[in-house]
Each structure stands twice: as structure tokens, then as C-alpha cells.
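Those protein sequences? They're chains U and C, same order as listed.
Numbering-wise (the numbering used here), the first sequence opens with residue 12 and increments by one.
Numbering-wise (the numbering used here), the second sequence opens with residue 444 and increments by one.
By construction, the Cβ of each residue, glycine as well, lies at the ideal position given by its N, Cα and C atoms.
Source: prediction; values computed, not measured.
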Amino acid sequence: MRRISIIVPTPLTQYTEGLDTVEVDADTVDQALDALTNRHSALRRHLYSEDGHLRSFVNIYLNEEDIRYLEGGERAGLESGDEIRIVPSIAGGRVATLEKDPMELSQNEVRRYARHIIMPEVGLEGQKKLKQARVLLIGAGGLGSPSSLYLAAAGVGTIGLVDFDVVDASNLQRQIIHGTRDVGRAKLDSARERLLDVNPEIAVETHEVRLQSDNALDILEGYDIVVDGTDNFPTRYLVNDACVLLGKPNVYGSIFRFEGQASVFYAKEGPCYRCLFREPPPPGLVPSCAEGGVLGVLPGIVGALQANETIKLIIGEGEPLIGRLLLFDALGMRFRELRLRKDPECPICGENPTVSQLIDYDEFCGVTQAQQERQAALSQVPAITATELKARLDAGAAVRVIDVREPHEWNICNLEVAELVPIGSFPGQLNSLGNAEEVVVICRTGRRSAHAVRLLQEIGFRKVYNLTGGLHAWSDEVDPSMPKY
Amino acid sequence: MMSEERRQTSSEEAARLVLGAESLAKIREHLQLSYPEEACGGLLGRIAYDNVVVVEETVSLANARVAERRRRYLIGPTDVLELERRAEASGLQVVGYYHSHPDAPPVPSEFDRKHAWPWYAYLIASVESGNLTRSQAWRLSDDRERFLPLQLSEEE
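In C-alpha cells form, the structure reads like this:
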């Protein structure tokens with residue numbers, strides 16, 4: 012055991028018989044704090060929360076270094092003569108709602124929520140709980156549209172929205188909170204306007220930022236429940252970890268093509284997202300909705316399920332989806348349910364967590380590296396721009412244009428000179444291609460065709476080029492009448 | 444250090460916070476300028492006698508919150524350490540902190556209570572539409588269950 016000095020801040024010296032330095036024997040920081048609070052037990056409730064963790068505003072320094080940044084954290088080892096200093100953070104803020112009496116419902120509100128209030132499961136009490144609740148939606152897109160609309164209509168008193176995107180025409184097929192006239196506007200502006208139109212009795216708080224490790228805890232901390240409507244893995248793991256660290260329920264939903272999932276990850280009472288998926292899939296393996304498509308009504312169904320679960324959590328009725336993963340198949344029209352178990356070895360909510368703060372989620376999901384590799388690979392492929400291709404064709408050059416998209420995409424738009432050879436049938440159908448011929452490969456945005464060019468190079472073709480930017484670029488540079496999808 | 448006085452101030456009878464007119468004016472200016480965001484600062488002073496906290500100097504500090512500064516404030520540990528050193532250099536103590544509640548009453552929120560330290564005086568000021576309208580001082584009870592009001596008196 013080593014002899015350690017602990018410096019106690021002034022507000023706590025009333026519990027250490029006036030001493031501002033207490034000497035203890037210990038090998039690690041947590042042992043030293045244990046020794047301190049065993050000797051002066053009234054300190055315990057000021058340093059530790061009910062669940063036994065150091066309070067968030069209690070900072071422990073070991074020789075001028077915050078132990079959060081030391082290897083081992085609270086279990087960091089000590090040397091004789093080390094100095095541990097307890098340093099306060101000072102935090103606070105005003106009450107969340109500015110109503111004179113947040114507990115009372117106005118006559119207007121009673122009328123508005125009458126169909127809720129007459130059900131005993133909700134009643135006046137439940138409706139007041141809804142009014143007091145603060146719910147944060149991550150993303151004002153496919154899932155956030157229906158969930159925020161229903162939560163606003165239901166009278167959830169404060170709805171927070173996180174998004175930094177702009178409404179695009181391709182969003183309107185499913186993001187029903189935005190209208191045609193909103194194209195080009197910030198999604199948050201459009202969403203706030205619509206929500207306050209649905210229900211002017213509520214408050215809408217907007218956070219126009221990309222949710223990241225350095226702002227997530229600050230933003231999420233102000234809410235009771237988080238509804239995850241993200242479309243990418245780094246943000247999904249970030250939301251999960253922040254919710255676990257803050258002890259908040261995470262109402263999860265995800266969608267792809269015709270299939271949806273929903274659950275409630277609440278580490279205090281059940282598993283978290285990491286218990287289900289310890290590691291993210293390799294980047295690029297799971298296509299996004301932008302790449303793979305999604306049935307427009309699907310986020311409507313899954314987002315409504317998320318709103319439903321959120322309301323149940325607020326009013327404390329029914330059986331929440333905690334520990335259950337609901338799977339929905341829109342084509343087969345079937346719901347299935349998987350039981351989820353809390354993983355005792357979960358790196359963040361397990362018995363011996365190894366993750367105690369937010370990390371770099373792009374790196375964790377391999378996104379940064381994959382992006383660089385993809386960029387490098389694409390830049391190595393010989394390319395031709397849309398304008399150059401047009402000039403070559405107009406000049407009557409003998410160029411074969413191969414379109415590697417799928418037949419249903421071909422039907423949306425195509426180049427007359429092109430031949431359709433879907434990438435799935437590569438290179439089998441290309442036997443007729445002479446390897447001295449000049450070939451330009453095209454697709455929607457130039458990604459699939461770049462892969463095709465590499466394939467062709469590998470089997471000996473020399474004069475193959477990728478159309479940079481695909482048919483989107485063709486539409487931009489050559490023929491604006493070609494639809495972009 | 445002043446352990447004797449300190450133990451006495453933890454008792455819960457008629458405690459007082461004494462602030463000079465100059466200190467009050469400085470706090471008012473700082474909080475109004477920061478509206479509609481919450482602003483915060485430190486109170487340096489001494490414990491005069493039984494349960495009387497006399498503020499000699501106020502120090503405005505940056506609100507270290509990254510987001511939601513309209514309803515949250517944060518003073519990080521490095522600022523607290525620096526404030527303590529500054530107090531020590533002038534022979535004073537950090538006796539408490541002040542912060543604003545924009546468009547809300549000067550009453551501690553649940554969030555204030557959960558994050559509060561004992562012994563410190565917490566001065567809260569309402570800033571409504573940019574004007575400081577009311578202020579009230581508080582101290583956390585020993586059991587952390589509630590805030591007890593400190594009588595606020597202006598010097599001279």
C-alpha cells in the first residue's frame with residue numbers, strides 16, 4: 012500500500028472535520044477514494060450517485076491529470092507521495108418548461124387530447140406526463156417524420172430534433188413531414204413549422220448539427236427519451252453509447268428496402284444495441300437506403316412503432332419493446348419477434364465495461380479507412396467525363412458504351428447508344444467484346460461502373476474508361492432532360 | 444483554513460449572502476449581455492461570522508457548455524482550479540457561484556439540485572427579455588434533497 016494525499020475542496024471539508032488534505036493508504040485511485048469515504052462517510056453522497064458511480068460534476072485529478080484521460084481511469088495505479096485532488100465542476104440551468112404550472116392542462120388541451128384522456132390507461136395523469144416529457148429525435152427524415160408528427164399530435168411537451176440536412180426532392184417519397192414547397196429548405200425549419208402547425212401547444216427545439224462525440228452528451232442529456240432515426244452505423248453506435256452512458260432509453264428503428272426493425276434499448280432494464288451487434292458490419296457490406304432503395308411507406312410503419320413505444324415509456328403503460336427486436340416484412344406482411352438478452356460481456360453496458368466515454372465512431376465503423384480506399388481505387392480507374400464522351404460520340408468515334416445498371420433502372424432513363432449488361436452478369440456476356448475496342452462503362456453515379464472497369468482491366472482489356480459521375484453527370488453536363496433518380 | 448466557521452455555516456438557520464452594490468452591478472451587466480444564453484461566474488469572499496457569507500469580488504466565467512447554452516451552464520474543473528488560485532492570491536475563498544435563468548424564475552431547477560455542491564452559495568438571477576429582474580441566493584441542504592434560501596442583503 013502506498014501513502015497518498017487527497018486534497019478535498021472547500022465545500023466538502025465540513026465532512027472531513029475541516030481537513031483539506033486527507034492521507035490514505037492505497038494502490039489505486041478507487042481504493043484511495045474508498046478509504047477516504049470509509050473514514051468520512053458523509054462525503055459519499057456528495058461524490059457518488061445512487062448507482063455508485065462518481066457524480067458527473069466530480070472530477071478526480073491524479074498529480075494534475077484528470078483520471079478520465081489516464082489509462083485505467085478510476086483503477087489507475089498509484090505511487091507513494093502521489094496527490095489526488097477532487098475538483099468540482101459547477102453546472103446547472105433553468106427549468107425545462109417555462110409554463111407557469113406545467114402540471115395543469117388548459118381547457119384547449121383537454122379538448123384536444125380528449126380521446127387520450129377518456130382511456131384509463133392514459134387519463135389526465137398520462138396526458139400530463141406527455142406534456143412534461145422531453146423527447147429527442149435523431150434525424151428529421153424517413154423515421155423522424157412519422158414519429159415526430161405523432162408525438163407532436165399526442166402532446167409530448169418538448170420535441171427536440173437533430174438534423175443538418177436540406178430537403179431534397181428524392182426525400183418526399185417517404186419523409187412526409189416535408190412538402191414539395193420545402194425542397195431546398197433546411198429540414199429543421201420545415202419540420203418545426205409542420206409540427207407546430209399540428210400542435211401549437213408544444214415546444215420544438217432544433218439542433219442543426221451533425222451529432223458527434225463532442226456534442227452528443229450535451230444534446231442528449233437534456234431529454235428523457237431518445238428516438239433513433241439515423242441512417243448510418245457510426246451515428247447509431249454513437250446514439251447507443253451516449254444513451255447508455257446517460258442512462259436514457261433509446262427507441263430504435265431501422266429500415267431497408269421492404270424490411271424494418273424496431274426495439275427499445277434501455278441498458279438499465281435490458282440489452283443495448285451493442286449487446287445485439289457487438290461490432291459494426293464491414294463498411295459497404297450493408298447498402299444504405301440511398302443505394303438500395305426503400306419502400307416509402309416502410310418508415311411510416313416503423314416510425315409509428317417508435318412513436319408508440321415512446322408514448323408507452325412516458326405514460327408507463329403496457330409492455331415496452333425492451334429485450335425484444337421486432338422484425339417487419341412489408342412484402343410478406345409479417346411481424347416476427349426475437350428475444351434479446353443483455354450481454355454480460357457487452358463492452359459498454361456489461362459487467363466490466365471497457366467503453367466509459369464516447370469514441371471516434373467513424374473509425375470504429377471503419378468508415379474513414381473505407382472511404383479513403385474507395386477514393387484511391389476509383390481514382391486509379393481510367394475515366395472520361397460526360398462532356399468528353401459526348402464529343403467523342405458526336406465525332407463518330409467507334410466507342411462501345413456499356414451500361415452496368417439493372418434492367419428496371421434502364422427503363423427510367425438510358426443512353427440510346429448504350430448496351431445494357433447488368434454488373435451481376437459480368438463479364439460472362441461480354442464475350443463479343445474485342446479487347447482492342449474502346450469501351451466506356453456507365454452507371455447511375457459512376458461507382459458500380461468503376462468496379463466494372465477494374466474487372467475488365469483484370470481480364471485484359473486495355474482501352475476501358477469509366478464515365479465520371481455516371482448518368483447524373485450526363486444529365487448535368489450534356490442533357491438536362493435526362494431524369495436523375 | 445477556516446474550518447471552524449465552515450462547520451457552522453452548514454447549519455440551516457438564517458444564513459445570509461452579502462453583496463456590494465458594485466458586485467451586483469457587475470453581475471447584472473454580465474448576465475444581461477449574455478442573454479438569451481445562460482451565463483455564470485464565481486463569487487470570491489470570506490465567511491464573516493456565523494452563517495454570513497460576504498462577497499468581495501465577482502469573476503465572470505465562460506459558459507463551457509457546447510450545446511443548449513440557453514438553458515444550461517457549465518464551469519469546468521480547470522476554470523474552478525484557476526478561480527481557487529485567484530481567490531487564494533487575494534486572501535479570499537471561492538464562496539459560491541452565480542448564474543442566470545433566461546426567461547425563468549430564479550428558483551433552482553431539478554438539474555441545479557442534482558449538480559450542486561454543499562456549502563457553496565448559489566446566486567440565481569432571472570433575466571427576462573434581456574433585463575435582470577429578480578435574484579435569489581440558495582444553498583444545498585446537507586441531505587442533497589433541496590435548496591434552502593439564503594437571505595440576500597446588499598452592502599451599503
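Between the options, which has its C-alpha nearest residue i's C-alpha?
i	options	result
U/Arg96	U/Asp77, U/Leu81, U/Arg86	U/Asp77
U/Met130	U/Phe339, U/Glu328, U/Pro358	U/Glu328
U/Glu232	U/Val146, U/Glu219, U/Leu47, U/Met344	U/Val146
U/Asn422	U/Lys495, U/Gly471, U/Ala402	U/Lys495
C/Leu591	C/Glu598, C/Asn574, C/Ile567, C/Glu571	C/Ile567
C/Leu467	C/Pro479, C/Glu500, C/Ser477	C/Glu500
U/Leu164	U/Lys259, U/Val220, U/Lys198, U/Ala214	It should be noted that the sequence gives Ala, not Leu, for residue 164 of chain U. Out of U/Lys259, U/Val220, U/Lys198, U/Ala214, U/Ala214 has the C-alpha closest to the C-alpha of U/Ala164.
U/Ile370	U/Pro293, U/Arg126, U/Thr246	U/Thr246
U/Gly314	U/Leu154, U/Arg105, U/Arg126	U/Leu154
U/Leu228	U/Ala253, U/Ile17, U/Tyr372, U/Arg268	U/Ala253
U/Lys139	U/Glu420, U/Cys454, U/Ile322	U/Ile322
U/Phe175	U/Thr191, U/Leu199, U/Ser156, U/Lys142	U/Leu199
U/Val220	U/Arg205, U/Leu148, U/Ala278	U/Leu148
C/Ser572	C/Pro551, C/His544, C/Val550, C/Asp585	C/His544
Suppose contacts are defined by Cβ-Cβ distances below 8 angstroms. Is residue i in contact with residue j by that definition?
i	j	result
U/Arg14	U/Glu28	no
U/Arg79	U/Gln368	yes
U/Glu499	U/Glu270	Nothing about residue 499 of chain U can be reported from this structure: the residues present for chain U run from 12 to 496 only.
U/Val177	U/Arg196	yes
C/His473	U/Ala102	no
C/Gln594	C/Ala482	no
U/Gly435	U/Ser460	no
U/Met12	U/Asp41	no
C/Val570	C/Gly485	no
U/Ala429	U/Val410	no
U/Cys6	U/Asn319	Residue 6 of chain U lies beyond the residue range present for chain U, which begins at 12 and ends at 496; the question has no answer from this structure.
U/Gly104	C/Arg515	yes
Which bits of chain U does residue i rub up against, with CB to CB less than 7 angstroms?
i	result
C/Tyr492	Ordered by position in chain U, no residue passes the 7 angstroms Cβ test against C/Tyr492, which lies about 16 angstroms from the chain.
C/Phe424	Any property of residue 424 of chain C remains undetermined from this structure, which presents chain C solely from 444 to 599.
C/Leu524	Val98
C/His544	Arg105
C/Gly534	Neighbours of C/Gly534 on chain U: none; closest Cβ ~14 angstroms, over 7 angstroms.
What does residue i touch in chain C if you count any residue whose Cβ is under 7 angstroms from its own?
i	result
U/Asp225	Val509
U/Asp229	Arg508, Val509, Ala510, Glu511
U/Phe68	His558
Return the Cβ separation of residue i and residue j in integer angstroms, given the expectation that the two are a contact with Cβ distance under 8 angstroms.
i	j	result
U/Tyr3	U/Phe244	The first residue shown for chain U is 12 and the last is 496, placing residue 3 of chain U beyond what the model contains.
U/Ser159	U/Ile128	About 22 angstroms separates the two Cβ atoms, so there is no contact after all.
C/Leu535	C/Arg489	6 angstroms
U/Pro22	U/Phe68	Contact doesn't hold; Cβ gap of about 11 angstroms is too wide.
U/Val173	U/Leu222	5 angstroms
C/Arg508	C/Pro479	Wrong, their Cβ atoms sit about 14 angstroms apart, outside the cutoff.
U/Thr217	U/Gly150	12 angstroms between Cβ atoms; not a contact.
U/Ser274	U/Leu324	That belief does not hold up - the Cβ atoms of U/Ser274 and U/Leu324 are roughly 12 angstroms apart, past 8 angstroms.
For residue i, return the contacting residues in chain C, with the cut-off set at a CB-CB distance below 8 angstroms.
i	result
U/Ile18	Near U/Ile18 there are no residues of chain C at all, since even the closest Cβ is about 10 angstroms away, more than 8 angstroms.
U/Ser159	Result: empty, since nearest Cβ-Cβ is about 19 angstroms, beyond 8 angstroms.
U/His57	Trp560, Pro561, Arg587
Along chain C, in chain order, which residues have C-beta atoms closer than 9 angstroms to that of residue i?
i	result
U/Thr169	Going along chain C, no residue has its Cβ under 9 angstroms from U/Thr169, so there is no contact; the nearest lies around 11 angstroms.
U/Gly63	Neighbours of U/Gly63 on chain C: none; closest Cβ ~15 angstroms, over 9 angstroms.
U/Gly233	Ala510, Glu511, Arg514, Arg515, Phe554
Roughly how many whole angstroms lie between the Cα atoms of residue i and residue j?
i	j	result
U/Lys111	C/Pro548	The predicted model places U/Lys111 with a pLDDT of 39, which falls under 50 and marks its position as unreliable, so this point remains unresolved.
U/Tyr161	U/Asn210	10 angstroms
U/Ile236	C/Val498	41 angstroms
U/Tyr26	C/Gly463	30 angstroms
U/Leu207	U/Pro364	41 angstroms
U/Leu400	U/Gly407	11 angstroms
U/Ala487	U/Leu404	Here residue 487 of chain U turns out to be Asp, not Ala, going by the sequence shown. Roughly 17 angstroms between the two C-alpha positions.
U/Gln468	U/Leu349	46 angstroms
U/Arg185	U/Asp179	11 angstroms
C/Pro520	C/Ala580	23 angstroms
U/Asp31	U/Asp225	34 angstroms
C/Leu504	C/Arg471	14 angstroms
U/Met493	U/Val475	24 angstroms
U/Arg352	U/Glu280	11 angstroms
C/Glu455	C/Val502	Because C/Glu455 sits at a pLDDT of 46, beneath the cut-off of 50, its placement in the model cannot be relied upon, and the point is left open.
U/Phe339	U/Gln272	6 angstroms
C/Gln451	C/Ala564	Annotation note: pLDDT 42 at C/Gln451 (below 50); position unreliable, no value reported.
U/Ile17	U/Glu61	23 angstroms
C/Arg582	C/Leu476	26 angstroms
U/Gly377	U/Gln391	21 angstroms
Starting from the beta carbon of residue i, find every residue of chain U whose beta carbon is closer than 9 angstroms, and list them in chain order.
i	result
C/Glu481	Gly103, Gly104, Arg105
Just to make sure I have the definition right: I need the residues of chain U whose C-beta is within less than 8 angstroms of the C-beta of residue i. Which are they?
i	result
C/Arg577	Ordered by position in chain U, no residue passes the 8 angstroms Cβ test against C/Arg577, which lies about 13 angstroms from the chain.
C/Tyr540	Ile101
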